[in-house]
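Asker: Okay, handing you the structure first.
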Amino acid sequence: MNAIEVTDLALAYGELKAVDGVSFEVGEGEFFGILGPNGAGKTTTLEMIEGLRKPDSGTVTLLGSSPWPRNQALLPRVGVQLQASAFFERLTAREQIHTFAAMYGVARARGDEWLERVGLTEKAAVRAEKLSGGQAQRLAIACALVHDPEVVFLDEPTAALDPQARRNLWDLLSGLNDDGRTVILTTHYMDEAEILCDRVAIMDRGRILELGSPAELVRGLDAPVRISITNADLTMQEAAAISGVDEAAEEAGDLVLTTRQPSEVLTFLANGKLLDGLRVRAATLEDVFLDVTGREYRA
Amino acid sequence: MKAFNAIAVAVLKGFIRDRASVFFAIIFPLMFLVLFGGIFNNTEQSPIETKTIGDISLVDNLPKPAREAFDDSFDVTDEVDERERDAAIEEVRKGDLDLVLEQRGDTLVAHYTKTDQVKSATIQGILQAFVDGTNVAVTGEPPKFTFEGEGVEDDSLQMIDFVTPGLLGWAIAMSAAFGAAATLNGWRQSKLLRRIQLSPVPAHTVVGARIVATILIALVQTAIFLGIGTAGFGLTLTGSWWMSVPLVMCGTLCFMAIGLLSGAVAKTTEGAVNMANFLVLPMAFLSGSFFPLDGAPGWLQGLSKALPLRHLNDGMLDVMVRGEGPGAALLPMLILLAFATVLTAIAARLFRWETI
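Protein chains in written order, with our numbering: chain U, 3 to 301; chain Z, 17 to 372.
Put into structure tokens, the structure is as follows:
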């Protein structure tokens, strides 16, 4: 059975079609990502699945029932972390999670366990306002999971974090579906989606443009591999003549070869002992993303 | 119940740890209480500072009870002789001394300032009474008429009795309105409201916990006000003062509703608190929280009757210091609850989940 089924979901704010006919399914225990730029409709989609908003049209089935109107039987099975830091004012980290534990009717000890798991035991007596961005996100995630929900929604958990804090959080996030929990995450970082998600929906302007596992999406792009080496001996003509090379160019003193047959080209280079400064860059989800959403800058 | 307690405790902790809230809910109104109660409440006459010149046989020979009465009224700081007479009168002129007393033969002469009319009348009256009394005494005849005073309890209240209920009403109005306004907007902005909506806690539990927390704060305010008023400034509570407890609860609900309205209309927490302030502060003036409205023109009296704080203040005055029975609080309570219902309904209509 699927944890989530979404069919033809649509919601408009006045003229703006925030979500425009979105359909997908999330299997039980799956780590599902919705990837897209700001304003793509990710959060609105999530809010309709959570039951915070009534869709204009389309249906949502969450754990077998409808989340709208507010479904009291469903809520204890679901955990949410919202974009902003939704905490009680002037309470410490421990008091926050104890309050949330009480709201879900679970023991305080469970809150302490989750503080430990997200690495906040040392910060337990610090008020939520005084936590760093990464610590606050960890606390929000702990508060979302304190009642051990079957499905957990994480809305841009790593937005506005520095690279260390983001990678640090990935370690925590990647373990969340280990015990069969379904995780749905929105993000605008491709690397994050690629590393964490089993499947990714690429969303823009209220629509899903691509849906699949990161590997499938990249493969589907059929993008060439870029091989760059420190240019020592080869002339541009020689390089272009290597079997399998589509294009040869010089970039910042390096020779860059574009190819769809990387093994052939790499074998040639290895035989000629030309591998100094070798870097190989395959297509990533970012390339898929830029390919489907276009490259023009949007603030 | 667990969720109810947890939310109420969370709100109370949030309040106690917010220095600004505590200051405006408790310390700030108390400053006014101390100001009004301590400074303006000083209606007791200070003793009349007196210097006597030479011997005053008339006073010295007063019978014992009369002599004691004299000493109660006049504080003889110095007995000087004839040569210092001009210097002493000069002191009266400068206001450093209230009275210079001397006896010329059978005439008692008083030099006193006329600036303080109450004091000068007192001096004249008391001295005249002593002279008259002595005149009767020297005839040897028993006095034909006697005087007996019987004080009547009147409606005019001591300053402290008047200001305590009014300032308390204002304090409760402020903390309830600011608290509700700031919570609604703060929780909406931080998405805590959404977060709670996605927890299995029913809405009435959240609202109930918030109300109970605010009522507890209001009751603590009441206890502090009545405690300091009675212990420090001679506030005298009358019979059914305990009716102020349900009255305070109804007032809290009413002003929470005003706070909700501000919170629903304003876009930011600061805006919400400012709007609550904008509603409550003028209302406090117009409802007689700071001074009696007895002298105000009729239209102003009428206007003030349309304000909930006026009814809270009147009800508190009636049961706390005017000695009215418990029933006197019922109508104000009903009016406050009616305001609370209507304002909450309006706030619910105006409320938007999104601030943009």
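The C-beta atom is built at its ideal place from N, Cα and C for all residues, glycine as well.
The region 22 to 45 of chain Z: which residues have C-beta closer than 9 Å to a C-beta of chain U, in chain order?
Answerer: Within the region 22 to 45 of chain Z, the residues whose Cβ lies closer than 9 Å to some Cβ of chain U are A22, I23, V25, A26, V27, K29, G30, F31, I32, R33 and D34, listed in chain order.
Asker: Whose Cβ in chain Z lies nearer than 9 Å to the Cβ of U:Q74?
Answerer: Going along chain Z in sequence order, the residues near U:Q74 (Cβ under 9 Å) are P216 and P218.
Asker: Does U:A241 pass the burial test, meaning 16 or more other C-beta atoms within 10 Å, or should it be called exposed?
Answerer: It counts as buried.
Asker: Span of the beta strand (DSSP E) holding U:L64?
Answerer: S59 to L64 is the span of the beta strand (DSSP E), which, as asked, contains U:L64.
Asker: Does U:Y191 get closer than 8 Å to chain Z when you measure Cβ to Cβ?
Answerer: No, U:Y191 does not count as interfacial toward chain Z.
Asker: Using a cut-off of 7 Å between C-beta atoms, extract the partners of Z:S305 located in chain U.
Answerer: Under the 7 Å cutoff, chain U gives no residues; its nearest Cβ is about 28 Å from Z:S305.
Asker: Rounded to whole angstroms, what is the Cα-Cα separation between U:L271 and U:L277?
Answerer: Distance between the alpha carbons of U:L271 and U:L277: 6 Å.
Asker: Along the chain, where does the beta strand (DSSP E) containing U:M205 start, and where does it finish?
Answerer: Start and end: R201 to D206.
Asker: Would you grab the beta carbon distance between U:A12 and U:V28 for me? Rounded to a whole angstrom, and I think it's under 8 Å.
Answerer: About 19 Å; that fails the 8 Å criterion.
Asker: Please give the ranges of any beta strand (DSSP E) in the region 185 to 246 of chain U, keeping only runs that are unbroken, at least 3 residues long and fully inside the region.
Answerer: Runs of the beta strand (DSSP E) inside the region 185 to 246 of chain U: 201 to 206, 209 to 214 and 227 to 232.
Asker: Please check the pair U:G121 and U:I99, which I expect to be a contact at CB under 8 Å, by giving their CB distance rounded to whole angstroms.
Answerer: Actually they are not in contact, since the Cβ atoms of U:G121 and U:I99 sit about 13 Å apart, beyond 8 Å.
Asker: Tell whether a beta-carbon distance below 8 Å holds between U:G136 and U:L163.
Answerer: Contact flag set, yes.
Asker: CA-CA distance, U:E288 and U:G214?
Answerer: When rounded, the distance between both Cα atoms is 14 Å.
Asker: Which of the three DSSP states, helix, strand or coil, is assigned to Z:V38?
Answerer: In this structure, Z:V38 counts as helix in the three-state DSSP scheme.
Asker: For chain Z, is any of its Cβ atoms less than 8 Å away from the one on U:P264?
Answerer: Taking Cβ atoms only, chain Z never reaches closer than 8 Å to U:P264, which makes this a no.
Asker: Should the region 16 to 35 of chain U be regarded as contacting the region 188 to 199 of chain Z, the criterion being three or more beta carbon pairs within less than 8 Å?
Answerer: No: the two stretches stay apart, fewer than three of their Cβ pairs being nearer than 8 Å.
Asker: Is there at least one Cβ from chain U nearer than 8 Å to Z:G245's Cβ?
Answerer: Answer no: the Cβ-Cβ gap between Z:G245 and chain U never drops below 8 Å.
Asker: I need the straight-line Cα distance from Z:K135 to Z:L117, nearest angstrom please.
Answerer: Going by the C-alpha atoms only, they are around 15 Å apart.
Asker: From the DSSP output, which residues share a beta bridge with U:R281?
Answerer: Paired residues: U:S230.
Asker: Comparing alpha-carbon positions, which option in Z:I105, Z:D132, Z:R204 and Z:V147 lies nearest Z:T123?
Answerer: Selected option, being the one with the closest Cα: Z:V147.
Asker: Shortest alpha-carbon distance to U:F89 belongs to which of Z:L209, Z:G224 and Z:A82?
Answerer: Here the closest residue by C-alpha is Z:L209.
Asker: Taking the Cβ atom as the reference point for each residue, do Z:P216 and Z:A345 lie within a distance shorter than 8 Å?
Answerer: No, the pair does not count as a contact, with Cβ atoms beyond the cut-off.
Asker: What's the gap between the Cα of Z:T221 and the Cα of U:R110?
Answerer: The alpha-carbon atoms of Z:T221 and U:R110 are separated by roughly 20 Å.
Asker: So which residues on chain U does Z:K207 lean against when the C-beta distance must stay under 9 Å?
Answerer: Near Z:K207 (Cβ distances below 9 Å), the residues of chain U are L84, Q85, A86, S87 and A88.
Asker: Give the single residue among Z:A273, Z:D71 and Z:M259 whose Cα lies nearest to the Cα of Z:A364.
Answerer: Considering only alpha carbons, the answer is Z:A273.
Asker: Starting from the beta carbon of Z:R210, find every residue of chain U whose beta carbon is closer than 8 Å, and list them in chain order.
Answerer: By Cβ distance, chain U contributes L54, L84 and A88.
Asker: State the CB to CB distance for the pair Z:L183 and Z:L295, rounded to an integer number of angstroms; the pair is presumed to be in contact (CB under 8 Å).
Answerer: With 8 Å as the limit, Z:L183 and Z:L295 do not qualify as a contact, their Cβ atoms being about 18 Å apart.
Asker: Against chain U, does Z:Q317 count as a neighbour if the rule is that its beta carbon must be under 8 Å from one of theirs?
Answerer: No, Z:Q317 lies away from the interface with chain U (no Cβ there is under 8 Å from its Cβ).
Asker: Does the distance from the CB of U:V247 to the CB of U:V290 come in under 8 Å?
Answerer: No, the Cβ-Cβ distance between U:V247 and U:V290 is not below 8 Å.
Asker: Is it a yes or a no for the region 80 to 89 of chain U touching the region 126 to 144 of chain U, going by three-plus beta-carbon pairs under 8 Å?
Answerer: Verdict: yes, contact present.
Asker: Which of the three DSSP states, helix, strand or coil, is assigned to Z:I372?
Answerer: Note that Z:I372 scores 48 on pLDDT, short of 50, meaning its location in the model is unreliable; the coordinates nonetheless yield the value given after this. Three-state DSSP puts Z:I372 in coil, outside helix and strand.
Asker: Out of Z:A292, Z:E65 and Z:L277, state which residue places its alpha-carbon closest to the alpha-carbon of Z:L115.
Answerer: Closest option to Z:L115, Cα to Cα, is Z:E65.
Asker: Measuring CA to CA, which of Z:C266, Z:L253 and Z:D76 is closest to Z:I176?
Answerer: With distances taken between Cα atoms, Z:I176 lies closest to Z:L253.
Asker: Residues of chain Z with CB closer than 9 Å to the CB of U:A111, please, in chain order.
Answerer: Here the premise fails: no neighbours, minimum Cβ distance about 14 Å.
Asker: Would you say the region 126 to 134 of chain U touches the region 52 to 59 of chain U, given that touching needs at least three Cβ pairs under 8 Å?
Answerer: The region 126 to 134 of chain U vs the region 52 to 59 of chain U: no contact.
Asker: Should Z:G202 be flagged as near chain U, meaning a C-beta pair shorter than 8 Å?
Answerer: So, interface residue.
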